[in-house]
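Input: a single structure, listed below in structure tokens.
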Amino acid sequence: MTDLHKKIEDYIPIVGQEKVEELKLIAQKLKGKTIQSINSTAVGGGVAEILSRMVPLLNNLGVDTKWDVIKGDLEFFGVTKKIHNALHGGKGITKKDVNIFLETSRLNLERTPLYGDIIFVHDPQPIALIGKKSTLDSKWIWRCHVDVSQPNKSVWNFLKKYIEKYDATVFSAPAFSQKLKVKQFMICPSIDPLSEKNRDLTDVDVSSVLKKYGLPHNVPLVTQVSRYDRLKDPAGVIDAYKLVRKYINCHLVLAGSHASDDPEGSEVLAEIREKAKGDPQIHLLVVDPKTNDFDVNALQRGSAVVIQKSLREGFALTVTEALWKARPVVASAVGGIPLQIAHKYSGLLCHSIEGAALHIKQFLHNPAYAKKLGTNGKEHIRQNYLLTRHLREYMLLFLSLYNKEDIVYL
Amino acid sequence: MPDLNKAINPFYFCTRLILRELTGIRARNIKELLKYIKTVSGSVIYNHTHQFLQQHIHLSPEPPNDFAYWVKGFLNEEELAEKMMSIDTCGFCTIRELRNAIVKTIQDHLAKAKGPLRIAPKGSEFYFVKAMSFVLPTPHVADDLKGFIECIKKISVYSIYFHMFESKLRLEKGTNDFSFWLGTSLGKAELAEEIARLDPYTYTIEELRSELIKRAEKYLK
């Protein structure tokens, strides 16, 4: 089955007929409107991935949806990368950077066709397109996919001049909300249950991947899937595992993507290799990029406990993925994780290495408890964090532009 | 001869879908929580007293509101959390009354509290969020009890949610839509009363669906 261009009916076995019928009811209310999504790349990155799934499904529902991409040279994207880092709290940008950003934005204003009834702009790269607002009879939305809970103030203030010209903004978590003069909606990211990373696998599939990476079948695996990044605290995960290993025989799996183009990632991996030295039950995997999604799917499904001991997070879709596979999850209470895990209901939240170790032990000692929370976690994701919910909220967002009341009768 | 089993007016099932709006307001301790509970819009209070129920529809809703969950989980104020959890949401017909009950519970606690206020860790503050509701008609219509039961089996959880919770409290209709229709349009006063007496906040929505079907089926015989 190919990953993209599925029909909305394909989701009925997962979310139910009635949810899909509701999507069709909302879609009817958008008849006659054209939605134009604009971002900075057609392939690669989370935004392109989500648009490549959403745009065909919106059209399949009868909502006329188009997708355009702005242009920019390496210098421009170098600056927008700096802006991205600054929104995460990194250092600011220079006057030269501002000039590069403004010049490319001016060119994009000239060359980007703007025709949507609703123009849906994603992230900072195309933000200055709002300069055309006064010449068009369109509604404008700015969708921020970045964690802006502690942004660099000067960069935020630079962007704010553009943001406040939009009709509405969208953020992924309550902690990302800012003091703004325009409406701010909360729409969380989602996973596609039919994608290669999340579709059902057979036991044979799972076994083949465990075998490929030299992992045992008969000893519980405790797994964290994340790039090798200090904010994901791989060193803390090893410390937590060592506390668990005093009492329970288990293997630790840290699975990250290829790090050769990421100097910091290579450095972190080297540090972690040093820390793990001498313990054959710690497996540091660099997942094959060609089979990344399938392998990660199988590794999550083959694990007794999935851990996400990040020090800082955006929404943490790796947690969403693990919960969807009904895995018991131990995760830090940071970023979007507490939205996904209600402590002791759908997983266990931790605030320290010791807490993470305690909760891993609780799950490994109590398989029935682990199973119950895993099952609850899966249902929570089914109701709240699948692509179908995302589609519903995007359509409601579009409708909200034409309705100002708190209760809208359609 | 009119068919006594037919309703005077059919029941048109609606569904209700939510879009959440961020307010940018956050509380770090109980005093701040109280200050903002007093001043935020009713749509914010509604969201935080019903969100848990809507998002965890497969779980028995405990605690049933976000305020109690936060007070317990992030401030470790067990006693206050228990009192906030125990507020009988079902007993109120307006958001205003519900808000007043929450305010009084916190004020009573603060009057007796000793020692410094507990502060939530950074990043775990309480963020006030508003619920924007979109109400849509569905194709499901019932004009007798049998049809009503069939529709209850088919409608989405959001539709049950709208007719059982939102219509009573947020739209201030005094009772839930099902009881109103069963009593006034179908002449099933006893069934209407039975459903009105259910405390829907102590069921999951799927349990509530089963309970509605079970009770209505008794009156088919």
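If you read the sequences in order, they're chains E and B.
Residues in the first sequence are numbered consecutively from 4, following my numbering.
Residues in the second sequence are numbered consecutively from 125, following my numbering.
Yeah, the Cβ is synthetic: ideal placement off N, Cα and C, and Gly gets one too.
Keep in mind it's a predicted model, so treat the numbers as computed, not measured.
One or two residues paired with residue i in a DSSP bridge
i, result
"K142 of chain E", "E:I121"
"V308 of chain E", "E:V225"
"A255 of chain B", "B:R144"
"D323 of chain B", "According to DSSP, D323 of chain B bridges with nothing at all."
"I410 of chain E", "B:S257"
"L255 of chain E", "E:V225, E:I285"
"N42 of chain E", "E:V72"
Neighbour flag for residue i against chain B, beta carbons, 8 Å
i, result
"I357 of chain E", "Before going further, note that residue 357 of chain E is Glu rather than Ile in the sequence given. No, because no Cβ of chain B sits closer than 8 Å to the Cβ of E357 of chain E."
"Y14 of chain E", "no"
"Q181 of chain E", "yes"
"K364 of chain E", "no"
"E25 of chain E", "yes"
"N387 of chain E", "yes"
"K186 of chain E", "yes"
"E21 of chain E", "yes"
"E167 of chain E", "no"
"S198 of chain E", "no"
"V346 of chain E", "The displayed chain sequence assigns His, not Val, to residue 346 of chain E. Yes, H346 of chain E counts as interfacial toward chain B."
"T5 of chain E", "Below a pLDDT of 50, predicted positions are generally treated as unreliable, and T5 of chain E, at 43, falls in that range; no measurement from the model is reported."
"L400 of chain E", "yes"
"E277 of chain E", "no"
"D203 of chain E", "no"
Contact set for residue i: own chain, Cβ-Cβ below 8 Å, skip 5 residues either direction
i, result
"L272 of chain E", "Y231, G259, A262, L287, V289"
"E274 of chain E", "A238"
"E201 of chain B", "I154, V195, H233, R242"
"L400 of chain E", "I144, A171, V173, F188, I190"
"H254 of chain E", "L218, P219, V222, P223, L224, V225, Q284, I285, H286"
"E335 of chain B", "L322, Y327"
"V253 of chain B", "R144, E145, L146, T147, V168, N171, H172, Q175"
"F191 of chain B", "L157, I161, H172, T173, M208, I226, F250"
Own chain, CB closer than 7 Å to residue i, minus 5 neighbours either side, in chain order
i, result
"T321 of chain E", "V228, S229, Q311"
"P261 of chain B", "Y136, C138"
"H362 of chain E", "V333, L351, C353"
"S283 of chain B", "F137, C138, T139, T262"
"I11 of chain E", "V23, L26, L60, N63, L64"
"R315 of chain E", "L234, V337, G338"
Contacting residues, own chain, Cβ-Cβ under 6 Å from residue i (five flanking each side not counted)
i, result
"T5 of chain E", "Note on T5 of chain E: pLDDT 43, under 50, position unreliable in the model; no value is reported."
"R152 of chain B", "I243, A244, E249"
"F297 of chain E", "E199"
"G317 of chain E", "D150, G338"
"F272 of chain B", "A266"
"M288 of chain B", "N300, P324"
Cβ of residue i within 8 Å of any chain E Cβ
i, result
"K278 of chain B", "yes"
"G239 of chain B", "no"
"M256 of chain B", "yes"
"R144 of chain B", "yes"
"L344 of chain B", "no"
"G148 of chain B", "yes"
"E341 of chain B", "no"
"I337 of chain B", "no"
"T262 of chain B", "yes"
"S248 of chain B", "yes"
"G307 of chain B", "no"
"Q179 of chain B", "yes"
"Y136 of chain B", "no"
Continuous alpha helix (DSSP H) stretch holding residue i: start and end
i, result
"D208 of chain E", "206-215"
"T308 of chain B", "301-308"
"T107 of chain E", "98-114"
"C147 of chain E", "No alpha helix (DSSP H) contains C147 of chain E, which DSSP labels as neither H nor E."
"A176 of chain E", "Where A176 of chain E is concerned, there is no enclosing alpha helix (DSSP H), given that its DSSP letter is neither H nor E."
"C275 of chain B", "269-278"
Extent of the continuous beta strand (DSSP E) run through residue i
i, result
"D71 of chain E", "67-72"
"A345 of chain E", "Element bounds for A345 of chain E: n/a, residue is neither H nor E."
"V290 of chain E", "Looking at the DSSP string, V290 of chain E is not in any beta strand (DSSP E), and its letter there is neither H nor E."
"Q187 of chain E", "186-189"
Q: Take every Cβ of the stretch 129-139 of chain B, pair it with every Cβ of the stretch 35-46 of chain E, and state whether three or more of those distances are shorter than 8 Å.
A: no
Q.
Assess contact between the stretch 106-115 of chain E and the stretch 29-37 of chain E, defined as three or more Cβ pairs (one per stretch) separated by less than 8 Å. Is contact present?
A. no
**Q.** the stretch 200-210 of chain E / the stretch 301-309 of chain E touching (three or more Cβ pairs under 8 Å)
**A.** yes
Q: Would you check if the stretch 95-102 of chain E and the stretch 50-65 of chain E touch, i.e. whether three or more CB-CB distances between them fall below 8 Å?
A: no
Q) At a cut of 8 Å, does the stretch 315-323 of chain B reach the stretch 291-302 of chain B through at least three beta carbon pairs? A) yes
Q) Touching or not, the stretch 124-133 of chain E and the stretch 147-167 of chain E, by the rule of three or more beta carbon pairs under 8 Å? A) yes
Q) Counting Cβ pairs closer than 8 Å, one from the stretch 368-376 of chain E and one from the stretch 200-220 of chain B, do we hit at least three? A) no
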